[in-house]
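First residue of the sequence shown: 6, per my numbering; consecutive thereafter.
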Amino acid sequence: MVKGARREHLFVETDGQIYLVRQGRVWRFPRASEKLPFRAAESGRMDFGDDLVRRMKPSLTYHPEEWFNRDDLFSRSDVDGLVKKAVYMTMPRLVAEAALARGHDVLMVRAKRGFSRGYWNLPGGFLDFGEPPEVAVEREVEEEIGADITLDGLLGVYHSGFPGKPTYTMGFVYRGHTDATTFRLKPDEIEAAEWFPVHRGLLLTRNPFVRWGLVDLFKGFETPPFDVVRHGLLTRDREARSGPVVFLDRDGVINRGRAGYVRTPDQFEFLDGAPEAIARLNRGGYRVAIVSNQDAVGWKLIPKRQLSRIHDKMVSGLDAAGARVEEIYVCPHHVLADCPCRKPRPGLLLAAARDLDVNPREAWMAGDKPSDIEAGRAFGARTVFVGDAKRRKRFSRDLQDLRPDATATDLRAAASAILGRG
Numbered sequence: 006m007v008k009g010a011r012r013e014h015l016f017v018e019t020d021g022q023i024y025l026v027r028q029g030r031v032w033r034f035p036r037a038s039e040k041l042p043f044r045a046a047e048s049g050r051m052d053f054g055d056d057l058v059r060r061m062k063p064s065l066t067y068h069p070e071e072w073f074n075r076d077d078l079f080s081r082s083d084v085d086g087l088v089k090k091a092v093y094m095t096m097p098r099l100v101a102e103a104a105l106a107r108g109h110d111v112l113m114v115r116a117k118r119g120f121s122r123g124y125w126n127l128p129g130g131f132l133d134f135g136e137p138p139e140v141a142v143e144r145e146v147e148e149e150i151g152a153d154i155t156l157d158g159l160l161g162v163y164h165s166g167f168p169g170k171p172t173y174t175m176g177f178v179y180r181g182h183t184d185a186t187t188f189r190l191k192p193d194e195i196e197a198a199e200w201f202p203v204h205r206g207l208l209l210t211r212n213p214f215v216r217w218g219l220v221d222l223f224k225g226f227e228t229p230p231f232d233v234v235r236h237g238l239l240t241r242d243r244e245a246r247s248g249p250v251v252f253l254d255r256d257g258v259i260n261r262g263r264a265g266y267v268r269t270p271d272q273f274e275f276l277d278g279a280p281e282a283i284a285r286l287n288r289g290g291y292r293v294a295i296v297s298n299q300d301a302v303g304w305k306l307i308p309k310r311q312l313s314r315i316h317d318k319m320v321s322g323l324d325a326a327g328a329r330v331e332e333i334y335v336c337p338h339h340v341l342a343d344c345p346c347r348k349p350r351p352g353l354l355l356a357a358a359r360d361l362d363v364n365p366r367e368a369w370m371a372g373d374k375p376s377d378i379e380a381g382r383a384f385g386a387r388t389v390f391v392g393d394a395k396r397r398k399r400f401s402r403d404l405q406d407l408r409p410d411a412t413a414t415d416l417r418a419a420a421s422a423i424l425g426r427g
């Protein structure tokens, strides 16, 4: 092999059957340079250092019984080790975790090891062999924090990959409660346990299905723990819609930003193609909600009634272009306020999730500031940074850390990226 070159292998699988080729006495993956006897499309990649394994989905009209069943590979001595390793990595890890609520707060634990080391997580852990998830979560919580819990129902079943690893986890997240007031922490695994409001917990975890579970927990609260400013579109007599949601920042994405804020309707000016981009998203099956920090209201530079007039003009212009937004959510607090709704805190998105029954796994957040990307990521949505080359250079360090799912020069390009990925 040429120094520095990587070996590329094709992991072809359908219906639990895996296609292998024989080399001497060993069955292995076909190489990328070897022609397959059928058509196949790439569906993903697995990185094993010097070996790159490309997941392939074959186009077949029959069940390939003559291929290798994935469950039989591990007991065979004539199967290449890379095959066994790759197949093993594709098996889901099963986890059960508990979102223990106390009022509007949720109990979280900070991990000492593993994927969530140094981050906050929901208490819980891996299922033992043959163990039902509702039994596993009670056992794991007792082991981690020494508490008895009562389960109130299943919030959801979520799956996500581990960043940088070709594995994924399926998580059963339960809503529950506990009467415990003190906790006995497992010394080699948990370093702290604390109660947090959901909006803060979302910023403290790196676990995607914990984020999704916390959003679903928040949506289920009988009363919201905080309120935000809404324009009132939801109360208008309009046909209700369903579908995934794209969250859009306002200034710099939909309209031209101004030094000193957009303070009057006359100062509101759509960016080129923005209304048409929103209309494209609508036609593609997306609902659109606007989530905007408006410091000027907090600094009393713009009265709320004036902000409403500005948004009336925006909605009128969108209507004229055949574009629709479901609601406009505004944080009216200034930058020094410790509120739950000012991005990068995800309070605006949480408020929209309750109103619109948003599934964060299908949602997107598009904005021109790192705080927009942080808010979207905390919510568990995919993200698009919107900005020209100059703006991307200005925030290059932030973007390198945040790694949005896409970047776009303007809302038209952002809409294309979203519609292209679905």
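Note that beta-carbon positions come from the ideal geometry of N, C-alpha and C, so glycine has one too. None of the values given here were measured: they were computed from a predicted structure.
Please report the distance separating the alpha-carbon of residue i from that of residue j.
i	j	result
D110	Y173	28 Å
L416	R107	41 Å
F120	E102	15 Å
G227	R359	At residue 227 the sequence reads Glu, which differs from the Gly that was named. If you take the alpha carbons of E227 and R359, they lie about 10 Å apart.
Q299	R122	36 Å
R223	P230	In the sequence under discussion, the amino acid at residue 223 is Phe, which differs from the Arg named in the question. One C-alpha to the other measures close to 9 Å.
H164	D271	47 Å
S247	A185	40 Å
R347	A104	24 Å
H14	H68	22 Å
E194	G427	38 Å
R36	R12	8 Å
P138	A413	41 Å
Could you tell me which of the options sits nearest to residue i, measuring between CA atoms?
i	options	result
M370	D410, A282, R118, Q28	D410
M51	A368, K348, A328, F16	F16
L253	L105, D373, Y93, R397	D373
D20	A368, F73, R261, P192	F73
P192	E148, A282, E18, L132	E148
V335	H236, L159, V391, T269	H236
W217	R408, F43, A383	A383
V220	G161, R189, T240	G161
P349	G166, V302, G381	G381
L209	A418, G385, R399, G265	G385
V250	F273, D277, I295, E281	I295
M175	R288, T412, L312, P213	P213
E143	G166, S38, H182	H182
R329	T269, F34, R288, R397	R288
So, is residue i buried or exposed, given that buried needs 16 or more other C-beta atoms within 10 angstroms?
i	result
D256	buried
S401	exposed
D377	buried
F177	buried
D153	exposed
W125	buried
F297	Residue 297 is actually Ser in this sequence, not Phe. Per the 10 Å Cβ criterion, buried.
L341	exposed
V84	buried
F390	buried
G135	exposed
T388	buried
Could you spell out where the beta strand (DSSP E) holding residue i opens and where it closes?
i	result
F53	45-53
D406	Element bounds for D406: not the beta strand (DSSP E) but the alpha helix (DSSP H), 401-407.
R33	31-33
What are the start and end residues of the alpha helix (DSSP H) that includes residue i?
i	result
S313	309-325
S376	375-384
M370	Premise fails: M370 lies in the beta strand (DSSP E), 369-372, not in any alpha helix (DSSP H).
K90	86-94
Kindly say whether residue i, judged by its beta-carbon, lies nearer than 7 Å to any beta-carbon of chain C.
i	result
M61	As a matter of chain content, chain C is missing from the structure shown, which is built from one protein chain.
At 3 residues or longer, what runs of the beta strand (DSSP E) sit wholly inside the stretch 165-219?
Here the runs fully enclosed are 173-182, 195-202.
Enumerate, from N- to C-terminal direction, the unbroken beta strand (DSSP E) stretches of 3 or more residues contained entirely within the stretch 109-142.
Runs found: 110-116, 129-131.
For the stretch 215-264, which segments carrying the alpha helix (DSSP H) assignment without a break, of at least 4 residues, lie completely within its bounds, in sequence order?
With a minimum length of 4 residues, no continuous alpha helix (DSSP H) run stays inside the stretch 215-264.
Inside the stretch 328-372 only - beta strand (DSSP E) runs reaching at least 3 residues
Complete beta strand (DSSP E) runs here, min 3: 332-336, 369-372.
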